[in-house]
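Reading through the structure tokens given below for one structure.
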Amino acid sequence: MHPSAHALPAFAAEDRIAYSAAPTRAPLRWPGGARVALWVTPNIEHYEFLPQQVRVRDPWPRMPHPDILGYGLRDYGNRVGVWRLMELFDRFQLRATVSLSMAVLQMYPEIADAMLKRSWELMSHGMYNTRYHWNMSEDEEREAIDACQQMHLRFTGKSLRGWFSPAASNTLNTPDLVAEAGIAYLCDLYHDDQPTPIRVRSGELYSLPYSMEINDSIAWRRGMEGAAFAQKMCDEFDTLYAEGLQHGKVMNIAVHPFIMGQPHRIAHLQHALDYILAHSGVWCATGAEIIDHYRQQRVSDAGALSTPRSTSA
238 MHPSAHALPA FAAEDRIAYS AAPTRAPLRW PGGARVALWV TPNIEHYEFL
288 PQQVRVRDPW PRMPHPDILG YGLRDYGNRV GVWRLMELFD RFQLRATVSL
338 SMAVLQMYPE IADAMLKRSW ELMSHGMYNT RYHWNMSEDE EREAIDACQQ
388 MHLRFTGKSL RGWFSPAASN TLNTPDLVAE AGIAYLCDLY HDDQPTPIRV
438 RSGELYSLPY SMEINDSIAW RRGMEGAAFA QKMCDEFDTL YAEGLQHGKV
488 MNIAVHPFIM GQPHRIAHLQ HALDYILAHS GVWCATGAEI IDHYRQQRVS
538 DAGALSTPRS TSA
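According to our numbering, the stretch in the sequence shown is residues 238 to 550, in order.
Below is the structure:
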């Protein structure tokens, strides 16, 4: 057993993050005076055809197995849709942060090569998107996180910087275990539009705003088609951009190759990106770049507050 296992109880959810009223915060400044830090997150995933580790809910809504329709749609994303997204992001010179089922690196070498060639950041979204972490013991979840870390190290030579639990199936132990693994940021919390420090048993961890609203998967389930989703992206940006004049904000766009990579939707994503990137004061960044800058500013601000002012004689 890992020496830190069960050394301290898991924090209750409300104890993880200190409350902070948005208007009372010290201004958050992005590089170059940008108002909005934009990070675009393609979810490149693998869904097992016949998942063996089903916990709490079945990943395939159509019973009985096999769900050819559900699997085939997601398979389309890795065969076709992902390449449309890559082509579009290349046009805008967007360096994405991939919410990645880590098994993709091994199962789809063409996709792995294309992501690495573009220097995209790879954020772990678990090993498969059909293996949930709900109801895992602490040791089981630690092993699952370590397996993702080792996969990332093997393919990139670097440690993971970000974590988003598969299918958002986080546990009360997830923040502690992610920090223990040396990962810098977590996307399992949807509580803010600025980064936030997270209280963990040991180490350091920050919440990075990942959107469940500007997310094609949620829009799709609500019956929202491409044009409406594009308008939603633009509306979100307009508000954050206006507020960003006083307080820098984070905007996340989360897309899936099997949804926005469809022929009838890709042009709507292009329209939204055209609109957003036509504005000055938009910093296109990776998740790690946003967190690194936020952390540096916190350290700088804390140092300024603790340094006594000099007085003239």
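A virtual CB, placed ideally from N, CA and C, is assigned to each residue, including glycine. The model shown is predicted, which means the values in this text are computed figures rather than measured ones.
Roughly how many angstroms separate the alpha carbons of F559 and D376, rounded to a whole number?
-> Residue 559 lies beyond the range of the chain shown here (238 to 550); nothing can be said about it.
Alpha carbon to alpha carbon, what distance is there between V277 and P500?
-> 20 Å
Would you kindly work out how many angstroms separate the C-alpha atoms of T261 and A271, rounded to a whole number?
-> 20 Å
In chain order, what residues of the same chain lie with their CB nearer than 8 Å to the CB of E450, ignoring the 5 residues before and after it?
-> K469, E473
In three-state terms, what does DSSP make of N372?
-> coil
Inside the region 386-463 only - alpha helix (DSSP H) runs reaching at least 4 residues = 411-417, 453-458
At least three beta-carbon pairs within less than 8 Å, the region 302-315 to the region 507-516 = no
Please name the residue, chosen from V437, S396, N280, D295, that lies closest to T367 on a Cα-to-Cα basis.
-> D295
Ignoring anything shorter than 4 residues or poking outside the region 461-530, list the alpha helix (DSSP H) runs there in chain order.
-> 463-480, 503-514
Answer yes if the region 254-269 comes into contact with the region 309-324, meaning at least three C-beta pairs across the two stretches below 8 Å, and no otherwise.
-> no
Which residues share a DSSP beta bridge with W276?
-> N489
Can you tell me whether D252 is buried or exposed, with buried defined as 16 or more other CB within 10 angstroms of its CB?
-> exposed
For I254, collect the residues of the same chain with a Cβ closer than 8 Å to its Cβ; drop the 5 residues on either side in sequence, then sort them by chain order.
-> L426, H428, T433, P434, I435, R436, S444
For the beta strand (DSSP E) that contains M360, what are its first and last residues?
-> 358-361
Which residues does DSSP pair with I281 in a beta bridge?
-> L337
For I254, name the three-state secondary structure that DSSP assigns.
-> coil
Determine the extent of the alpha helix (DSSP H) in which P346 is found, giving its start and end residues.
-> 346-354
Ordered along the chain, which non-local residues of its own chain (more than five positions away) have a Cβ less than 6 Å from that of L506?
-> M497
Using a Cβ-Cβ cut-off of 6 Å (strictly less than) and excluding sequence neighbours within five positions of P288, which residues of its own chain qualify?
-> P296, T367
Can F392 and L342 be called in contact, C-beta distance under 8 Å?
-> yes
Can you tell me whether L409 is buried or exposed, with buried defined as 16 or more other CB within 10 angstroms of its CB?
-> exposed
Please check the pair G363 and S402, which I expect to be a contact at CB under 8 Å, by giving their CB distance rounded to whole angstroms.
-> 6 Å
In or out: L477 buried (at least 16 other Cβ within 10 Å) or exposed?
-> buried
Can you name, in chain order, every residue of its own chain whose Cβ lies under 7 Å from the Cβ of A464, other than the five neighbours on each side?
-> H505
When A467, G440, P346 are compared against A418, the one with the closest alpha-carbon | G440
Counting only the same chain and skipping the five closest in sequence on each side, list residues whose C-beta sits under 8 Å from that of E378.
-> H370, T408, N410, T411, L414
According to the neighbour-count rule (16 or more other Cβ atoms, all chains shown, within 10 Å of its Cβ), is L359 buried or exposed?
-> buried
Exposure label - N212; buried when at least 16 CB within 10 Å = This structure does not reach residue 212, given that the chain is present from 238 up to 550, and the question cannot be answered.
Which residues bound the alpha helix (DSSP H) around L322?
-> 319-329
Kindly indicate which residue of L482, L275, F326, D312 has the alpha-carbon position closest to the one of Y284.
-> D312
Return the first residue and the last residue of the alpha helix (DSSP H) that D312 is part of.
-> 305-313
Tell me whether D453 is buried or exposed, calling it buried when 16 or more other Cβ atoms sit within 10 Å of its Cβ.
-> buried
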